[in-house]
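Protein chains in written order, with my numbering: chain A, 152 to 279; chain B, 152 to 279; chain C, 152 to 279.
Step one of this worksheet: look at the structure below.
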Amino acid sequence: MVWIDLVAVLALLQMIFFAVLVALARTRYQVHAPATTGHPQFERLYRVQMNTLELIVVLLPGLYLASHYWSPQPVAWGGAIYLVGRMVYWKSYAKDPASRSLGYGLSVFPVLAMLGAALLGIVLKVVV
Amino acid sequence: MVWIDLVAVLALLQMIFFAVLVALARTRYQVHAPATTGHPQFERLYRVQMNTLELIVVLLPGLYLASHYWSPQPVAWGGAIYLVGRMVYWKSYAKDPASRSLGYGLSVFPVLAMLGAALLGIVLKVVV
Amino acid sequence: MVWIDLVAVLALLQMIFFAVLVALARTRYQVHAPATTGHPQFERLYRVQMNTLELIVVLLPGLYLASHYWSPQPVAWGGAIYLVGRMVYWKSYAKDPASRSLGYGLSVFPVLAMLGAALLGIVLKVVV
Numbered sequence: 152m153v154w155i156d157l158v159a160v161l162a163l164l165q166m167i168f169f170a171v172l173v174a175l176a177r178t179r180y181q182v183h184a185p186a187t188t189g190h191p192q193f194e195r196l197y198r199v200q201m202n203t204l205e206l207i208v209v210l211l212p213g214l215y216l217a218s219h220y221w222s223p224q225p226v227a228w229g230g231a232i233y234l235v236g237r238m239v240y241w242k243s244y245a246k247d248p249a250s251r252s253l254g255y256g257l258s259v260f261p262v263l264a265m266l267g268a269a270l271l272g273i274v275l276k277v278v279v
Numbered sequence: 152m153v154w155i156d157l158v159a160v161l162a163l164l165q166m167i168f169f170a171v172l173v174a175l176a177r178t179r180y181q182v183h184a185p186a187t188t189g190h191p192q193f194e195r196l197y198r199v200q201m202n203t204l205e206l207i208v209v210l211l212p213g214l215y216l217a218s219h220y221w222s223p224q225p226v227a228w229g230g231a232i233y234l235v236g237r238m239v240y241w242k243s244y245a246k247d248p249a250s251r252s253l254g255y256g257l258s259v260f261p262v263l264a265m266l267g268a269a270l271l272g273i274v275l276k277v278v279v
Numbered sequence: 152m153v154w155i156d157l158v159a160v161l162a163l164l165q166m167i168f169f170a171v172l173v174a175l176a177r178t179r180y181q182v183h184a185p186a187t188t189g190h191p192q193f194e195r196l197y198r199v200q201m202n203t204l205e206l207i208v209v210l211l212p213g214l215y216l217a218s219h220y221w222s223p224q225p226v227a228w229g230g231a232i233y234l235v236g237r238m239v240y241w242k243s244y245a246k247d248p249a250s251r252s253l254g255y256g257l258s259v260f261p262v263l264a265m266l267g268a269a270l271l272g273i274v275l276k277v278v279v
C-alpha cells in the first residue's frame with residue numbers, strides 16, 4: 152500500500168506544481184485576481200490545473216478502492232501512467248490546446264480502469 | 152461497507168458522465184478550449200459538472216466518516232438519494248437554470264446530513 | 152485520529168460556508184446562473200470558494216497520509232492553522248484581492264508540510 156500512497160502524494164504534488172505555474176502566469180501575463188481569463192496562455196495553464204483537479208478527485212478514491220478489491224501493484228503502475236500522462240497533457244495543452252488528446256487519454260484511461268476494477272470488485276463481492 | 156464503496160464509485164461515474172456531456176457540448180456548440188463560456192447550453196452543462204465536483208469533494212469524505220461513526224446502511228441510502236438528486240439537478244439545470252433548486256436540495260441535503268452525523272459522532276467520542 | 156476527523160469535517164463545513172456566501176452574493180449582485188462573472192464582489196467570493204476547493208482536495212489526503220506515517224497530534228494542529236488561515240484568506244480577499252497573501256500562505260503552508268511529511272514517511276518506509 153506504500154506505493155499507492157506514493158502515487159497519491161506525487162499526483163498531489165504534480166497538481167500543486169500546475170497551480171504554481173498558474174500563479175506565475177498570473178503575474179507574467181498581468182491577469183489580476185479574481186479574473187481567470189484575459190490572456191490565452193494563462194487560460195491554457197488554468198485549464199490544465201482545473202482539469203487536473205477534476206481528474207484527481209476521481210484518481211484518489213480510484214487508487215484506494217481498486218487496491219482494496221485487487222492487488223495494489225498494477226493499480227500503482229496505473230498511477231504511474233497517470234502521472235506521465237498529465238505531464239504530456241500539460242506540455243501539449245500549453246503548446247496547442249488542440250493537441251491535448253494524447254496526454255488527456257493517457258491520464259484518463261488508468262483512472263477509468265481503476266474505477267472499473269473497483270466496480271467489478273464491489274459487484275463480485277455483493278453477488279458472490 | 153461495500154455499499155458505501157458502491158455509492159462512491161457510482162457518484163464518481165456520474166460525475167464522469169457529466170464531464171463527457173461537457174466534452175460533447177464543447178464540440179456541438181463550438182466552444183473551443185481553453186474557453187469555458189460562449190454558449191448558454193455549454194455553460195449550463197459546465198456548471199452542472201463544476202457544482203458536482205464541488206459537492207463530491209464533500210460527499211466522499213462524508214460517506215466514509217458518517218459510516219465510520221454510525222451504521223453504514225442509512226448512509227448508503229443517503230448516497231442513493233444524492234445520486235437521484237444529481238440526475239434531477241442535471242436535467243432541470245440543462246432545461247432552465249432557475250428550476251435547479253429541487254435537484255440541488257435533493258443532492259445537497261444527504262451530504263449535509265452525513266457531515267452533521269460525522270460531526271455528532273466525533274463530538275460524542277471526544278466528550279464521552 | 153478523532154482530531155483528524157474533526158479537522159476534516161470542520162474544513163468541509165468551512166468550504167460549504169464559503170459556497171453559501173457565493174450563493175447569497177449571486178442573488179445580491181444579480182449574477183444569474185450559469186454565469187460566474189459580472190460583479191467584482193461576487194467574483195472574489197467565487198474565487199475564495201474555488202481556491203478552497205483546490206486546496207481541500209490536497210488537505211484531506213494530506214491529513215490522513217501524514218497522520219498515518221507520523222503522530223496525528225501535530226497534523227491536527229496543522230489543520231487548525233489551515234482553518235484559521237482560510238478565514239483570514241476569505242476576509243482579506245473579499246476586502247482587497249491584492250491583500251490575500253497572508254491568509255493564502257497561512258493555509259497553504261500546513262498543507263504542504265503534511266504532504267512533505269507524508270512523502271518523507273513513505274520514502275523512509277520504502278528505503279529502510
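The C-beta atom is built at its ideal place from N, Cα and C for all residues, glycine as well.
Remember, it's a predicted structure, so these values are computed and weren't measured experimentally.
**Prompt:** Any chance the segment 166-177 of chain C sits against the segment 186-198 of chain C, with 3 or more Cβ pairs inside 8 angstroms?
**Reply:** yes
**Message:** Can you give me the C-alpha to C-alpha distance between valine 235/C and valine 279/A, rounded to a whole angstrom?
**Reply:** Numbered from 1 along the third sequence, position 84 holds the residue referred to as residue 235/C. Numbered from 1 along the first sequence, position 128 holds the residue referred to as residue 279/A. Taking the straight line from one Cα to the other gives about 48 angstroms.
**Asked** The alpha helix (DSSP H) spanning aspartate 156/C covers which residue range?
**Response** The residue labelled residue 156/C in the question sits at position 5 within the third sequence. Segment 153-179, the alpha helix (DSSP H) holding aspartate 156/C.
**Uninterrupted alpha helix (DSSP H) stretches inside the segment 217-266 of chain B (no shorter than 4 residues)** = 223-246
**Prompt:** Taking 9 angstroms as the CB-CB limit, is histidine 219/A close to chain F?
**Reply:** The structure shown contains no chain F; its protein chains are A, B and C.
**Asked** Does the Cβ of tryptophan 228/A have 16 or more other Cβ atoms within 10 Å, making it buried, or fewer, making it exposed?
**Response** In the first sequence, residue 228/A corresponds to position 77, counting from 1. Exposed, since its Cβ has fewer than 16 Cβ neighbours within 10 Å.
**Prompt:** When you compare only the Cα positions, how much space is there between leucine 214/A and proline 225/A?
**Reply:** Along the first sequence, read from residue 1 onward, the residue named residue 214/A stands at position 63. Along the first sequence, read from residue 1 onward, the residue named residue 225/A stands at position 74. Rounded to whole angstroms, leucine 214/A to proline 225/A spans 10 angstroms at the Cα level.
**Asked** Taking C-beta to C-beta, are methionine 238/A and isoleucine 207/A nearer than 9 angstroms?
**Response** Numbered from 1 along the first sequence, position 87 holds the residue referred to as residue 238/A. Numbered from 1 along the first sequence, position 56 holds the residue referred to as residue 207/A. No, Cβ-Cβ distance for methionine 238/A and isoleucine 207/A is not below 9 angstroms.
**Request:** Just confirm the distance between the C-beta atoms of valine 107/A and valine 182/A, as a whole number of angstroms; I'd bet it's less than 8 angstroms.
**Result:** The structure shown does not extend to residue 107/A, since chain A is modelled only from 152 to 279, so the question has no answer here.
**Request:** Determine, using beta carbons only, whether valine 158/C and leucine 216/B come nearer to each other than 9 angstroms.
**Result:** What you label residue 158/C is simply residue 7 of the third sequence in a count that begins at 1. What you label residue 216/B is simply residue 65 of the second sequence in a count that begins at 1. Contact flag unset, no.
**Request:** Pick out whichever of Glu205/B, Trp221/B, Asp247/B and Pro191/B has its Cα sitting closest to the Cα of glycine 267/B.
**Result:** Walking along the second sequence from the start, residue 267/B turns up at place 116. It is Trp221/B.
**Buried versus exposed call for serine 258/B [16 or more other C-beta atoms within 10 Å across all chains shown]** = Mapped onto the second sequence, residue 258/B falls at position 107. By the 10 Å Cβ count, serine 258/B comes out buried.
**Item:** valine 279/C - DSSP class collapsed to helix/strand/coil
**Value:** Taking the third sequence and counting its residues from 1, the one referred to as residue 279/C is at position 128. Note: valine 279/C maps to coil in three-state DSSP.
**Prompt:** Rounded to a whole number of angstroms, what is the C-alpha to C-alpha distance between tryptophan 241/A and phenylalanine 168/B?
**Reply:** The residue you call residue 241/A lines up with position 90 of the first sequence. The residue you call residue 168/B lines up with position 17 of the second sequence. Whole-angstrom Cα-Cα distance: 23 angstroms.
**Asked** Roughly how many angstroms separate the alpha carbons of glycine 230/A and proline 212/A, rounded to a whole number?
**Response** For the purposes of this step, residue 230/A is taken as the residue at position 79 of the first sequence. For the purposes of this step, residue 212/A is taken as the residue at position 61 of the first sequence. Each residue's alpha carbon lies about 12 angstroms from the other.
**Request:** Please determine, among Ala184/C, Leu204/C and Leu253/C, the residue with the shortest C-alpha to C-alpha distance to serine 252/B.
**Result:** What you label residue 252/B is simply residue 101 of the second sequence in a count that begins at 1. Of all alpha-carbon atoms in Ala184/C, Leu204/C and Leu253/C, the one lying nearest the alpha-carbon of serine 252/B is that of Ala184/C.
**Item:** Coil, strand or helix - glycine 272/C by DSSP
**Value:** What you label residue 272/C is simply residue 121 of the third sequence in a count that begins at 1. It is helical.
**Request:** Have a look at Pro248/C, Ala186/C, Leu163/C and Phe193/C and flag the residue whose alpha-carbon is nearest the alpha-carbon of valine 173/C.
**Result:** As a first step, residue 173/C must be located in the third sequence, where it is residue number 22. For the options Pro248/C, Ala186/C, Leu163/C and Phe193/C, the alpha carbon positioned closest to that of valine 173/C is the one of Phe193/C.
**Asked** Buried or exposed: which applies to alanine 249/C, given that a residue is buried once 16 or more other Cβ atoms fall within 10 Å of its Cβ?
**Response** Locating residue 249/C in the third sequence gives position 98, where the first residue counts as 1. With fewer than 16 other Cβ atoms within 10 Å, it is exposed.
**Prompt:** Can you give the Cα-Cα distance for glycine 272/B and histidine 190/B, rounded to whole angstroms?
**Reply:** Reading the second sequence from its first residue, position 121 is the one you call residue 272/B. Reading the second sequence from its first residue, position 39 is the one you call residue 190/B. Counting only the Cα atoms, histidine 190/B lies some 46 angstroms from glycine 272/B.
**Message:** Assuming contact is defined by CB atoms lying nearer than 9 angstroms, are leucine 204/C and leucine 204/A in contact in what I supplied?
**Reply:** As a position in the third sequence, residue 204/C is number 53, starting the count at 1. As a position in the first sequence, residue 204/A is number 53, starting the count at 1. Result yes, Cβ atoms of leucine 204/C and leucine 204/A sit closer than 9 angstroms.
**Message:** In this structure, how does DSSP classify proline 185/A when only helix, strand and coil are distinguished?
**Reply:** Along the first sequence, read from residue 1 onward, the residue named residue 185/A stands at position 34. Of the three classes helix, strand and coil, the one that applies to proline 185/A here is coil, per DSSP.
**Request:** To the nearest angstrom, report how far apart threonine 188/B and alanine 186/A are at their CA atoms.
**Result:** By 1-based counting over the second sequence, the position of residue 188/B is 37. By 1-based counting over the first sequence, the position of residue 186/A is 35. Roughly 14 angstroms separates the two Cα atoms.
**Asked** Between the C-alpha atoms of alanine 170/A and valine 153/A, what's the straight-line distance to the nearest angstrom?
**Response** Taking the first sequence and counting its residues from 1, one reaches residue 170/A at position 19. Taking the first sequence and counting its residues from 1, one reaches residue 153/A at position 2. When the Cα atoms are used, alanine 170/A and valine 153/A turn out to be separated by approximately 26 angstroms.
**Asked** Skipping 5 residues on each side, what residues in its chain have a beta carbon closer than 8 angstroms to that of glycine 256/A?
**Response** Residue 256/A sits at position 105 when you count from the first residue of the first sequence. Counting only Cβ-Cβ distances below 8 angstroms, and skipping sequence neighbours, we find Gly236.
**Asked** Alpha carbon to alpha carbon, how far is leucine 219/A from alanine 264/A?
**Response** Your numbering for residue 219/A matches position 68 in the first sequence. Your numbering for residue 264/A matches position 113 in the first sequence. A quick correction: the sequence has histidine, not leucine, at residue 219/A. Rounded to whole angstroms, histidine 219/A to alanine 264/A spans 14 angstroms at the Cα level.
**Prompt:** Within 10 angstroms of its Cβ, does aspartate 156/C collect 16 or more other Cβ (buried), or is it exposed?
**Reply:** Locating residue 156/C in the third sequence gives position 5, counting from the first residue. That one is buried.
**Prompt:** Between leucine 270/C and isoleucine 232/C, what straight-line distance do the alpha-carbon atoms span, to the nearest angstrom?
**Reply:** As a first step, residue 270/C is located in the third sequence; it is residue number 119 there, counting from the start. As a first step, residue 232/C is located in the third sequence; it is residue number 81 there, counting from the start. Each residue's Cα considered, the two are about 20 angstroms apart.
**Spatial neighbours of serine 243/A in its chain, beta-carbon cut-off 6 angstroms, leaving aside the 5 residues before and after** = Taking the first sequence and counting its residues from 1, one reaches residue 243/A at position 92. Result list for serine 243/A: Ser250, Arg251 and Gly254, in chain order.
**Item:** Cα-Cα separation, alanine 245/B to phenylalanine 260/C
**Value:** Mapped onto the second sequence, residue 245/B falls at position 94. Mapped onto the third sequence, residue 260/C falls at position 109. Near 39 angstroms, if we compare the C-alpha coordinates of phenylalanine 260/C and alanine 245/B.
**Request:** Ignore the nearest five residues each way along the sequence and tell me which others in valine 277/C's own chain have a CB closer than 8 angstroms to its CB.
**Result:** As a position in the third sequence, residue 277/C is number 126, starting the count at 1. Once the five neighbours on either side are set aside, valine 277/C has no close Cβ partner at all.
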